[in-house]
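Numbering (our numbering), first residue to last: 5 to 443.
Quick look at the structure:
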C-alpha cells in the first residue's frame, strides 16, 4: 500500500512541475493535488479494509457501505454468499433426512475411527448392543461390547463373515441373537452393522424340529409295517394271525396317510394367498356338516358313541375359503371326539360377538388339560400325552392347522381348559368376515 501511495505522490508532483515549467500553474496547486490524492487514497484504503474484513467474516456480518468498484465487489460477494448459504442449508437438510432414515432403520449402524472408538451410532445399534449413543461417543467399542466372540472378530481383522452374539435383552427364557458385520472404509475407519436375527434363529430351530418330528412320526409306522412284512414273508401264519397283522399294517398306513395329508394341507395354506371375501358360506349349514362327520368318526373309532350336538344359534354368513374353514372346524370336533371318553358330550355351535365378529366353539366333557400345556397346544407336533395321541390316531398337526386357518382369515384361536372340567376351543373371526341376516 505504501508503494502505491509513493507512486501516486510522485506522479502528482511530476505533473505539477511540468505544469509550472510551462507557466500553467504554481507549485501550490501541485501540492494541493498531492494532498488530495493522499486523502482519496487513504479513504479508498479504508473502504478496501472494510470490504476485506467483511469478506473474512462471510455472510455473518452486514455488508459495508461502498461506492464505485467496491460496491460492485460487495454486491457480487453478497450474491455468492447467498448461493453458498442456500446450498449449505440444502446439504444440511439432506444430511438430516439421511440421518433420520438411518435412525428409523431396523439395521444398527455404528461408525468407528482408527482406534475402534465410536464416532456415531443410531439408536437401533445402541439398543442391540447395550450402550448410550450420546454418552458413549468416543468410547472404544471393545469396552462396551465385551462378548469374547466379538472381541476376537474385531481384533483378527477378518470381516468376511458376520459374528453372532447375545443381545442386551437376552434371557434364558427369551433369547435374543444379534448379527454383527464390520466393513473397512476410509483411512482405517470401520462401518459396523448390527441386525437382530432372533426370529431367523427361531425359524431355523423350528425347521429343524419340524424335520425331526416328521421323520420320527413317519419312521415309527414304517418300522411297524416293515416288521409285519418281514414276519409275513418269513413265518407260516394262520389265517387269523395274517388277518390281524394286515389290519395293524392298514392302521399304520392310514396313520402315515393322515400325516402326509396334514403336511400337504400346511403346504397349501402357506403357499396360497390370504382368502378374500368373495365367497359367503352359511355358518349353520357348515356346522351341521362337520357335526355329522364327527358323529361318523365316533362310530368308526369303536370306543362307544359320543353325544355330538349342534347347538342352536344365530343365522349368518361367513366369508372365506370353504375348504380351510371346514378343515379347521372338523379338526376341533375330531380332537374332541378322539380325546373324550365314550358317552361324553361334545357340543359345537356359533356365536355372534358384540363387535360384529363371530366365534365357532367346541366344548367337551373330557378330562381337561393342565394350564402349563395350553400356550403350546397349537404348536406343530406338540402333544400333551404322546402315547395317548397316537392311540387315537392324531398326527399332532390338527390344532396347528386350526391356528393357521384362523390367522389367514384375520382371526385367532382361544383355548379354555382345566383338569376334570373339560375343554372349550374357539375360532374367532373378525367383523369383516361376518354378514348378519338381521343387518
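Heads up, the beta-carbon is just placed ideally off N, CA and C, and yes, glycines get one too.
Predicted model, so just to flag it, every value in this text is computed and none were measured.
Contacting residues, own chain, Cβ-Cβ under 8 angstroms from residue i (five flanking each side not counted)
i: residue 311; result: 347, 348, 349, 350
i: residue 117; result: 123, 192, 193
Residue i to residue j span [Cα, whole Å]
i: residue 304; j: residue 278; result: 35 angstroms
i: residue 88; j: residue 140; result: 34 angstroms
i: residue 206; j: residue 216; result: 15 angstroms
i: residue 393; j: residue 265; result: Confidence at residue 393 is low in this model, with a pLDDT of 49, below 50, so the placement of that residue should be treated as unreliable; the coordinate-derived value is given next. Cα to Cα, residue 393 sits roughly 17 angstroms from residue 265.
i: residue 406; j: residue 381; result: 11 angstroms
i: residue 108; j: residue 128; result: 8 angstroms
i: residue 163; j: residue 234; result: 56 angstroms
i: residue 287; j: residue 402; result: 21 angstroms
i: residue 324; j: residue 367; result: 24 angstroms
i: residue 158; j: residue 135; result: 17 angstroms
i: residue 130; j: residue 190; result: 23 angstroms
i: residue 178; j: residue 383; result: 17 angstroms
i: residue 153; j: residue 146; result: 11 angstroms
Among the options, nearest to residue i - alpha-carbon criterion
i: residue 428; options: 436, 411, 344, 109; result: 344
i: residue 385; options: 83, 213, 110, 415; result: 213
i: residue 445; options: 257, 246, 101; result: Coverage of the chain is limited to positions 5 through 443, which leaves residue 445 absent and any answer about it impossible.
i: residue 262; options: 90, 388, 400; result: 400
i: residue 79; options: 96, 58, 93, 90; result: 58
i: residue 2; options: 327, 301, 251, 302; result: In this structure the chain extends from 5 to 443, so residue 2 is not present and cannot be described.
i: residue 370; options: 358, 339, 383, 359; result: 339
i: residue 357; options: 318, 323, 325, 332; result: 318
i: residue 174; options: 187, 202, 76, 115; result: 202
i: residue 420; options: 204, 130, 373, 219; result: 373
i: residue 2; options: 367, 189, 229, 168; result: Residue coverage of the chain in this structure runs from 5 to 443, which leaves residue 2 outside it and unanswerable.
i: residue 259; options: 242, 281, 218; result: 218
i: residue 236; options: 224, 249, 77; result: 249
i: residue 416; options: 365, 375, 440; result: 365
Integer Cβ distance of residue i from residue j, believed to fall under 8 angstroms
i: residue 144; j: residue 120; result: 6 angstroms
i: residue 363; j: residue 412; result: 17 angstroms between Cβ atoms; not a contact.
i: residue 3; j: residue 377; result: Absent from the model: residue 3. The displayed extent of the chain is 5 to 443, so no value can be given.
i: residue 433; j: residue 361; result: 6 angstroms
i: residue 253; j: residue 270; result: Actually they do not touch by this definition, with Cβ atoms about 26 angstroms apart.
Element boundaries [alpha helix (DSSP H), containing residue i]
i: residue 401; result: That residue, residue 401, is in no alpha helix (DSSP H); it is neither H nor E in DSSP.
i: residue 418; result: Looking at the DSSP string, residue 418 is not in any alpha helix (DSSP H); the run it does join, the beta strand (DSSP E), is 416-421.
i: residue 297; result: 287-305
i: residue 155; result: 152-160
i: residue 249; result: 243-275
i: residue 315; result: No alpha helix (DSSP H) contains residue 315, which DSSP labels as neither H nor E.
i: residue 327; result: 326-343
Own chain partners of residue i with C-beta closer than 7 angstroms, once the 5 adjacent residues on each side are dropped
i: residue 171; result: 132, 180, 181, 182, 200
i: residue 291; result: 314, 352, 353, 354
i: residue 149; result: 133
i: residue 301; result: 338, 341
Cutoff 6 angstroms; reference residue i; Cβ partners in own chain excluding five residues on either side
i: residue 211; result: none
i: residue 126; result: 106, 107, 113
i: residue 285; result: 322, 326
i: residue 267; result: none
i: residue 225; result: 256, 259, 260
Limits of the unbroken beta strand (DSSP E) element including residue i
i: residue 429; result: 427-433
i: residue 349; result: 349-356
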